[in-house]
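All letters in the sequence shown, in the order written, are residues 1 to 288 by UniProt numbering.
Glycine is no exception: its CB is placed at the ideal position from the N, C-alpha and C atoms.
Data block below; observations after.
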Amino acid sequence: MSESTVTAALSGTFTIGGDLPVNRLGYGTMQLTGPGVWGDPRNPEEAVRVLQTASELGVNFIDTADAYGPFVANELVKKALHPYPNDLVIATKVGHTRQGPNRWIPVGRPEYLRQQVELNLRTLGLDHIDLLQLHRIDPKVPLADQIGELALMKLEGKIRHIGLSQVSVGELQAANEITPIVSVQNLYNLAKRDSEMVLNYCEKHQIGFIPWFPLATGALAKEGGPLDQIAKKYDAKPAQIALAWLLKRSPVILPIPGTSSVAHVKENIAAAGIKLSDEDFQTLSEAV
Numbered sequence: 001m002s003e004s005t006v007t008a009a010l011s012g013t014f015t016i017g018g019d020l021p022v023n024r025l026g027y028g029t030m031q032l033t034g035p036g037v038w039g040d041p042r043n044p045e046e047a048v049r050v051l052q053t054a055s056e057l058g059v060n061f062i063d064t065a066d067a068y069g070p071f072v073a074n075e076l077v078k079k080a081l082h083p084y085p086n087d088l089v090i091a092t093k094v095g096h097t098r099q100g101p102n103r104w105i106p107v108g109r110p111e112y113l114r115q116q117v118e119l120n121l122r123t124l125g126l127d128h129i130d131l132l133q134l135h136r137i138d139p140k141v142p143l144a145d146q147i148g149e150l151a152l153m154k155l156e157g158k159i160r161h162i163g164l165s166q167v168s169v170g171e172l173q174a175a176n177e178i179t180p181i182v183s184v185q186n187l188y189n190l191a192k193r194d195s196e197m198v199l200n201y202c203e204k205h206q207i208g209f210i211p212w213f214p215l216a217t218g219a220l221a222k223e224g225g226p227l228d229q230i231a232k233k234y235d236a237k238p239a240q241i242a243l244a245w246l247l248k249r250s251p252v253i254l255p256i257p258g259t260s261s262v263a264h265v266k267e268n269i270a271a272a273g274i275k276l277s278d279e280d281f282q283t284l285s286e287a288v
């Protein structure tokens, strides 16, 4: 099966919050910015083409954040895809401030979160945000104040659903007592699975699990290693097998591989056409 015949639809679907169906293989915008997730990309035209190509190949779930750039990724999404396709779900995040390249400090004061939601709406060209995720819980601000402000904006119609990022099961449960939480975005990939308990909780409760850094494979991809061997078996790239493993791991997983290259976004989406055997899935699962 050639890359040109594979679309994200082959990854299957998941319904976020019970009313937003998306193809499970999405796209994350973080790599569309400059070095250190700061400033403009080296090739803005290619960045626009990447987004348009992803959409053309069936990606209808895009994850972004005000902190990417800041706002650079949002503006590229708007430039590339607005007016948006009816089935496109754009998830964005608030709660991380930027002080320069590779610098991130969480701020969860209610007035700041409200300001950033409003700026996301403006820079994305939206009248509401389908999925608004708290980028990080601010340990200096009561969780009820942070989630409560987002819940208030949900009541105002500016947010449709609320998600969290980089949280424990306990934090997820605590937030869910304040308002329904429909997604979690944690670091998770074939080589790093510290969030296994969170994923299992999400699967049990039909909460979308969005693994960030999904293509990290570490030593598994070295020549002759288990990922390399299985990739050759499927005539695929190690990164494609890593995505196929995630898609098979749980029906609530929504991988969002990012790239600033049209060629790579096509490769990533082609992973939707790879169906790992149970044996190969188990081999990879036990290799870490």
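Check whether residue 89 and residue 130 have beta carbons under 7 angstroms apart: yes
Are residue 141 and residue 109 close, meaning C-beta to C-beta below 7 angstroms? yes
From this set, 78, 158 and 107, which residue's C-alpha is nearest residue 128's C-alpha? 158
Around the C-beta of residue 122, are 16 or more other C-beta atoms found within 10 angstroms, so that it is buried, or is it exposed? exposed
Using the Cα positions of residue 99 and residue 67, report the straight-line distance between them to the nearest angstrom. 10 angstroms
Measure from the alpha carbon of residue 195 to the alpha carbon of each residue in 219, 279, 169 and 206, then state which is nearest. 169
Same chain, Cβ closer than 6 angstroms to residue 49, five either side skipped, listed in chain order: 262
Would you report the Cα separation of residue 125 and residue 274, rounded to the nearest angstrom? 35 angstroms
To the nearest angstrom, how far is the alpha carbon of residue 172 from that of residue 153? 19 angstroms
Below 7 angstroms between beta carbons: does that hold for residue 232 and residue 281? no
Decide if residue 259 is buried, meaning its Cβ has at least 16 other Cβ atoms within 10 Å, or exposed. buried
Pull up the distance between the alpha-carbon of residue 115 and that of residue 252, whole angstroms please. 31 angstroms
According to DSSP, what are the bridge partners of residue 132? 92 and 162
Please determine if the segment 195 to 205 and the segment 214 to 224 are in contact, where contact requires at least 3 C-beta pairs separated by less than 8 angstroms. no
DSSP state of residue 106, grouped into three classes? strand
Any alpha helix (DSSP H) of 4 or more consecutive residues that is wholly inside the segment 160 to 199: 169 to 176
Is residue 97 helix, strand or coil by DSSP? strand
7 angstroms CB neighbourhood of residue 75 in its chain, flanking five on each side removed: 123
Can you tell me whether residue 23 is buried or exposed? The criterion is at least 16 other CB atoms within 10 Å of its CB, across all chains shown. buried
Taking buried to mean at least 16 other C-beta atoms within 10 Å of its own C-beta, is residue 63 buried or exposed? buried
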